[in-house]
Structures are given as structure tokens and as C-alpha cells.
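The structure under discussion appears below in the form of C-alpha cells.
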Amino acid sequence: MSSIASPTLWFLTIGVVLALLVVDFIATRRPHEVSMKEAVAWSAFYVALPLLFGLYVWNAHGGDRGLEYYTGYLVEKTLSVDNLFVFMLLLAAFAVPEVLKQRVLLYGIVGALVLRGIFIALGAAALSRFDWVFLVFGLVLLLTGVKLLRDAISGHDHEVDVAEMRVVKVMKRFMPVSDEYDGAKFTVHKFGARALTPFALVTVAVFATDVVFAVDSVPAVYGITGDPYLVFVTNAFALLGLRALYFVLEGALGALEHLSYGLAAILGFIGFKLVLHWAHLVWPSVPDVPTLMSLFVILGILGVTITTSLVANKRAKAQATSTDEDEPVDRTPVV
1 MSSIASPTLW FLTIGVVLAL LVVDFIATRR PHEVSMKEAV AWSAFYVALP
51 LLFGLYVWNA HGGDRGLEYY TGYLVEKTLS VDNLFVFMLL LAAFAVPEVL
101 KQRVLLYGIV GALVLRGIFI ALGAAALSRF DWVFLVFGLV LLLTGVKLLR
151 DAISGHDHEV DVAEMRVVKV MKRFMPVSDE YDGAKFTVHK FGARALTPFA
201 LVTVAVFATD VVFAVDSVPA VYGITGDPYL VFVTNAFALL GLRALYFVLE
251 GALGALEHLS YGLAAILGFI GFKLVLHWAH LVWPSVPDVP TLMSLFVILG
301 ILGVTITTSL VANKRAKAQA TSTDEDEPVD RTPVV
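Sequential numbering from 1 applies to the sequence shown in the numbering used here.
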């Protein structure tokens, strides 16, 4: 598959990603609660960096590739917010202490980068040899969109049952698990034997969810661009800022109650786009969806999702206030 990246650019990009991960590990080496000021500063950095890199892509490789990059980054950033929902539920389910949350998130980001790198390489190899892989990717996204929509309608979206997670059951079968955290240690010596800590369980649980997210996100961005380098760099930039973004949005994520509907629409649209692209390769008379149209459609879906979520949230607060005011007050004198 054609790519804008030379071996040197690949080397530099992977080097920068590894360097940023090292900086993140240094920043989290001492467990501490993340202040809003710290989280906002890191988030601003991790938003500015991909936006500036997009200017380089636009100027060095043309507007078409620049548009593909920005559209792909927007899709991946939107999907990463959905990742944060699940991470938030996992951290709450495992009762992760505040001082350890960012280290768990960082391990999850590293796992996600490795998994997506593997998926991107496999996807590029498959797409370069078999046109029908576009059809498979499209069907995967359509089915995922349908599942998200069904779960959202039933009210079961973003549910996490730790006790039913297969990876947790397997780990508990092979090793005992201690009841308490011991910093960021994965194992402790307890009752004369080596035991896993809850920190180890939640880290592996986050890795397991990374697999599911990789299956969705990689085909989604391949629906925007066929350049494996742009697929990788948009995934990397979207993931690197998750640690800080979590603490910025932790209190606001609940307000995006229609996010699952928006994601279902976005994945469904990109899935349909991939199916059309496969049909276009087989029958050239079938139209292909241009990247600019994809960007406008995705922005429109996000705009509607955010607006309806804010309206619904405001309406729910108004109803709650009205209910509180209507409740009778017990004026019985206290004797």
C-alpha cells in the first residue's frame, strides 16, 4: 500500500512515541493524585502536538493527505473517549486508589499501542493483497455499530462485570489474589506464597479491553485512509493523550449520555463507506465516498450527539430540581 512515510520518518515517529511514553512513566513514577491543572496542561500538549503534526502532513504531502490525517485523528479521538468510559468503569469496579489510576491508564495505553501496531501491520498486509478485506472491515464496523446501538437502546452500554471477565477468572485460577493494593506492585508475598495484587488484575483487564477497542478502531481509520503510516500516527496521537484526558473528563463523561448513539452512527457510516469502496474496486461504476464528505458527516454526527446530550442532561437536572421542590416538607414540631 502507498504511504507518505519513508523508513526515516517511520524511525523518527516511533522514536518520538517511545520518548513520550518514557516521559509519561517518569511523570507517574511517584504515585499521586492528579490535579486539574496538571491534567489540563498535559491534555493541551497532547492536543496541540497532533494538530501541529497535521500541518506538516498538509504542507509536505498535500491537502488530500492532510485531510485524511485530520479526519482519521478525529475518528480515533472520538473512539478514545469511549475507551475512557470503559476505563473509568474498570477503575471504579476494582476500587483503584486515586494515586494509582494514572499508572494503570499508562499501562493500558502501552498495551493499546502494541496491539494496534500489530493490527495495523496485519491490516496493511491483508488490504494490499485482497480487496475483499475492505468488505470484511466494513461488515465488522456495521455489526459493531448495530451492537452499540442495541446496547444504548437497552440501557446496557458501558457495563462492566468484573466477576464475569474471563481473563480475571483465568488469573484467579492460577494464582491467589490479595485483597489490598500494595502501591504499583503486581505481586506480593502473602501466606507463604506469591499472590497477585488487585493492581495486576485491573491492569490485565485493561489490556483485555484494548483488544476489543483495536478490533474497532483500526478498521475505522482504514475506512478514512489507506496509508498505514497515517493509520498508525492517528492511533498513537489519540492514545498518548488518554492518561491526562481521563482526569479532565472524569466528571464530565457522564454528561455525554448519547455518545454510544453517536459512535454507532459513525462506525455504521464508515462501515458503509468501506463496503462501497470494496464495491467500487469490483465495479468502478459504484461511487466512492470522498474524504471531505466523510469529515463533514462525522463532524455533523458529533455535533448532534453533543447537543442532544447536553439538552437531555439539562432536562434531567430540571426535572430533578422540580421533583425536589414538589416533595412535601415535614413541618411537625420537634418536642
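No residue lacks a Cβ here, since even glycine has one placed at the ideal position from N, Cα and C. These numbers come from a predicted model, not from an experiment.
Between the CA atoms of residue j and residue i - distance to the nearest angstrom
{"i": "Lys147", "j": "Lys273", "result": "18 Å"}
{"i": "Leu52", "j": "Leu12", "result": "16 Å"}
{"i": "Ala265", "j": "Asp182", "result": "43 Å"}
{"i": "Val334", "j": "Thr321", "result": "Unreliable placement is indicated for Val334, whose pLDDT of 48 sits below 50; the coordinate value is still reported in the next sentence. If you take the alpha carbons of Val334 and Thr321, they lie about 27 Å apart."}
{"i": "Leu142", "j": "Lys190", "result": "48 Å"}
{"i": "Ser6", "j": "Thr197", "result": "44 Å"}
{"i": "Phe269", "j": "Val136", "result": "15 Å"}
{"i": "Arg116", "j": "Asn235", "result": "8 Å"}
{"i": "Gly192", "j": "Asp179", "result": "15 Å"}
{"i": "Arg336", "j": "Pro176", "result": "Coverage of the chain is limited to positions 1 through 335, which leaves residue 336 absent and any answer about it impossible."}
{"i": "Pro219", "j": "Val188", "result": "40 Å"}
{"i": "Leu67", "j": "Lys37", "result": "32 Å"}
{"i": "Phe25", "j": "Leu240", "result": "12 Å"}
{"i": "His277", "j": "Phe134", "result": "7 Å"}
{"i": "Arg65", "j": "Thr71", "result": "10 Å"}
{"i": "Val140", "j": "Leu149", "result": "14 Å"}
{"i": "Pro50", "j": "Val167", "result": "34 Å"}
{"i": "Pro290", "j": "Tyr46", "result": "28 Å"}
{"i": "Asp131", "j": "Val215", "result": "19 Å"}
{"i": "Gly62", "j": "Ser217", "result": "25 Å"}
{"i": "Val304", "j": "Thr78", "result": "14 Å"}
{"i": "Ala19", "j": "Val170", "result": "34 Å"}
{"i": "Ser154", "j": "Ile109", "result": "30 Å"}
{"i": "Tyr69", "j": "Val23", "result": "25 Å"}
{"i": "Leu21", "j": "Ser35", "result": "20 Å"}
{"i": "Pro97", "j": "Leu89", "result": "13 Å"}
{"i": "Pro284", "j": "Arg129", "result": "19 Å"}
{"i": "Gly145", "j": "Leu299", "result": "17 Å"}
Exposure label - residue i; buried when at least 16 CB within 10 Å
{"i": "His258", "result": "buried"}
{"i": "Met293", "result": "exposed"}
{"i": "Leu245", "result": "buried"}
{"i": "Phe296", "result": "exposed"}
{"i": "Tyr73", "result": "buried"}
{"i": "Thr307", "result": "exposed"}
{"i": "Ala238", "result": "buried"}
{"i": "Phe186", "result": "exposed"}
{"i": "Ala124", "result": "buried"}
{"i": "Leu113", "result": "buried"}
{"i": "Phe213", "result": "buried"}
Cutoff 8 Å; reference residue i; Cβ partners in own chain excluding five residues on either side
{"i": "Ala312", "result": "Glu257, His258"}
{"i": "Val99", "result": "Pro31, His32, Glu33"}
{"i": "Leu9", "result": "Tyr229"}
{"i": "Ala195", "result": "Met175, Pro176, Val177, Ser178, Thr187, Val188, His189"}
{"i": "Val282", "result": "Asp131"}
{"i": "Gly111", "result": "Val206, Phe207, Asp210"}
Own chain partners of residue i with C-beta closer than 6 Å, once the 5 adjacent residues on each side are dropped
{"i": "Ile301", "result": "Gly262, Ala265, Ile266"}
{"i": "His280", "result": "Val286, Asp288"}
{"i": "Gly138", "result": "Gly271, Leu274, Val275"}
{"i": "Thr209", "result": "Val86"}
{"i": "Gly223", "result": "Ile270, Lys273, Leu274"}
{"i": "Lys172", "result": "none"}
Any non-hydrogen atom of the ligand ADP closer than 8 Å to residue i Cβ
{"i": "Leu84", "result": "Judged by which ligands are present, the structure shown has none, so any question about the ligand ADP falls away."}
Close-in-space but distant-in-sequence residues of the same chain around residue i (CB under 7 Å, 5 per side omitted)
{"i": "Thr28", "result": "Gln102, Arg103, Leu106"}
{"i": "Val40", "result": "Val248"}
{"i": "Ala184", "result": "Pro31, Leu100, Arg103, Phe199"}
Neighbour flag for residue i against chain D, beta carbons, 9 Å
{"i": "Ala39", "result": "Absent from the structure: chain D. Only one protein chain is present."}
Integer Cβ distance of residue i from residue j, believed to fall under 8 Å
{"i": "Val248", "j": "Ser43", "result": "5 Å"}
{"i": "Ala152", "j": "Ser260", "result": "4 Å"}
{"i": "Val221", "j": "Val75", "result": "6 Å"}
Q. Can at least three beta-carbon pairs, one atom from the stretch 80 to 89 and one from the stretch 183 to 202, be found at a separation below 8 Å?
A. They do not touch, by the three-pair rule.
(Q) Assess contact between the stretch 216 to 234 and the stretch 103 to 121, defined as three or more Cβ pairs (one per stretch) separated by less than 8 Å. Is contact present? (A) Counting Cβ pairs under 8 Å, three or more are found: they touch.
Q. Okay, do the stretch 15 to 25 and the stretch 88 to 99 touch, 3+ Cβ pairs below 8 Å being the bar?
A. Contact fails: fewer than three Cβ-Cβ distances are below 8 Å.
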